[in-house]
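Asker: Got a structure for you, written out below as C-alpha cells; questions coming shortly.
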Amino acid sequence: GESVGLHLPTLSVQEGDNSIINCAYSNSASDYFIWYKQESGKGPQFIIDIRSNMDKRQGQRVTVLLNKTVKHLSLQIAATQPGDSAVYFCAEVGTSYGKLTFGQGTILTVHP
Amino acid sequence: GAVVSQHPSWVICKSGTSVKIECRSLDFQATTMFWYRQFPKQSLMLMATSNEGSKATYEQGVEKDKFLINHASLTLSTLTVTSAHPEDSSFYICSADPDFGEAFFGQGTRLTVV
Chain A
4 GESVGLHLPT LSVQEGDNSI INCAYSNSAS DYFIWYKQES GKGPQFIIDI
54 RSNMDKRQGQ RVTVLLNKTV KHLSLQIAAT QPGDSAVYFC AEVGTSYGKL
104 TFGQGTILTV HP
Chain B
1499 GAVVSQHPSW VICKSGTSVK IECRSLDFQA TTMFWYRQFP KQSLMLMATS
1549 NEGSKATYEQ GVEKDKFLIN HASLTLSTLT VTSAHPEDSS FYICSADPDF
1599 GEAFFGQGTR LTVV
C-alpha cells in the first residue's frame, strides 16, 4: 500500500479542543469508507462510516467529511478528551466489509 | 456487536521456529476472515483473505509458504508463521465480517522473534 514504510504523523491537542484528522485515499472507485481508532496494543475499533453518496456524516462528537473530488476524508472530533488519544486510520472498504485498505494513520495525543 | 478473539495476545519465539496464531469468531460464523500485519508506528497491511474450506488468497508480496493460513471451520482461522525470523516480528490482526455491514477485529497478536 501507499503507506508502507512511512511513519505516522502526529497531532497534539489540548483537552476540550476540536481535532481534525485528515486522510487521503487512493481508489476513486471506492464507495464506502470507515474511520477506526486503535489504542496501543489493540485491534482497530469502528468509529464512523460514510458512503460515497454522502459528503458528511455525524455521530456522537465525531463528524466525517468526504471530498470525492480530491479523494480526501477528514474526521472531526469535538471537545477532544484524553481518552481519545490513540491512532486513527481511515479505511476503504473493498469487496467485503472485512477487506480493508488502510490509510496512513495519525497519532492523536490529547493533553489534559 | 460481534466478537472476534485472537490467541495468543503475545508470543516470543526463537528464530527458525514456527508460531500459530488463532482467530475465532465467538458469536457468529465467518466464511471469510482477513489477516493483517502492522509494524510499529505504521498502518495495517492486508496479508491474506482466509476462505473457509478453500485456499487462502494472498496479497501481492506475501509469501504463502511463509504464512500458512488454514480456515477449517466457520469460526476459526489460523495463521502459522513458519521458520520465523526477527523481521517477522510484528503485530498480527485478524478481522471477520458477520455479514451485517461491519468488520470486527481481534485484539491482535504481538509476535517477537529473537
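Chains as they are written, first to last, in the working numbering: chain A, 4 to 115; chain B, 1499 to 1612.
We put the beta carbon where it would ideally sit given N, CA and C, even for glycine.
Source: prediction; values computed, not measured.
Could you tell me whether the Cβ of residue 11(A) comes closer than 9 Å to any Cβ of chain B?
Answerer: It does: the Cβ of residue 11(A) has a partner Cβ on chain B nearer than 9 Å.
Asker: Between residue 106(A) and residue 26(A), what straight-line distance do the alpha-carbon atoms span, to the nearest angstrom?
Answerer: Computed Cα separation, rounded: 7 Å.
Asker: Which whole runs of the beta strand (DSSP E) in the region 63-91 of chain A are 3 residues long or more, in chain order?
Answerer: Counting only runs of 3 or more, we get 65-70 and 75-80.
Asker: Roughly how many angstroms lie between the CA atoms of residue 15(A) and residue 1571(B), to the nearest whole one?
Answerer: Those two C-alpha atoms are separated by around 44 Å.
Asker: Report back the beta-carbon spacing between residue 1561(B) and residue 1546(B) to the nearest angstrom; my notes put them in contact at under 8 Å.
Answerer: Going by Cβ atoms, the distance from residue 1561(B) to residue 1546(B) rounds to 10 Å, so no, they are not a contact pair.
Asker: So, for residue 1583(B): in the same chain, excluding its five sequence neighbours on each side, which residues have a beta-carbon less than 7 Å away from its beta-carbon?
Answerer: If we look at residue 1583(B) and ignore the five residues flanking it on each side, its Cβ neighbours are 1513 and 1611.
Asker: Sort 1517(B), 1523(B) and 1581(B) by Cα distance to residue 1608(B) and report the nearest one.
Answerer: Of 1517(B), 1523(B) and 1581(B), the residue nearest in Cα terms is 1517(B).
Asker: Which residues in the same chain have their Cβ closer than 8 Å to the Cβ of residue 1543(B), if we skip the five residues on either side of it in sequence?
Answerer: The answer, listed in chain order, is 1534, 1535, 1536 and 1557.
Asker: Check the Cβ-Cβ distances between residue 1561(B) and every residue of chain A, and say whether any is below 9 Å.
Answerer: No, its Cβ sits nowhere closer than 9 Å to a Cβ of chain A.
Asker: In terms of residue numbering, what span does the beta strand (DSSP E) encompassing residue 52(A) cover?
Answerer: Unbroken beta strand (DSSP E) run through residue 52(A): 48-54.
Asker: Please state if the CB of residue 23(A) and the CB of residue 38(A) are separated by a distance shorter than 9 Å.
Answerer: No.
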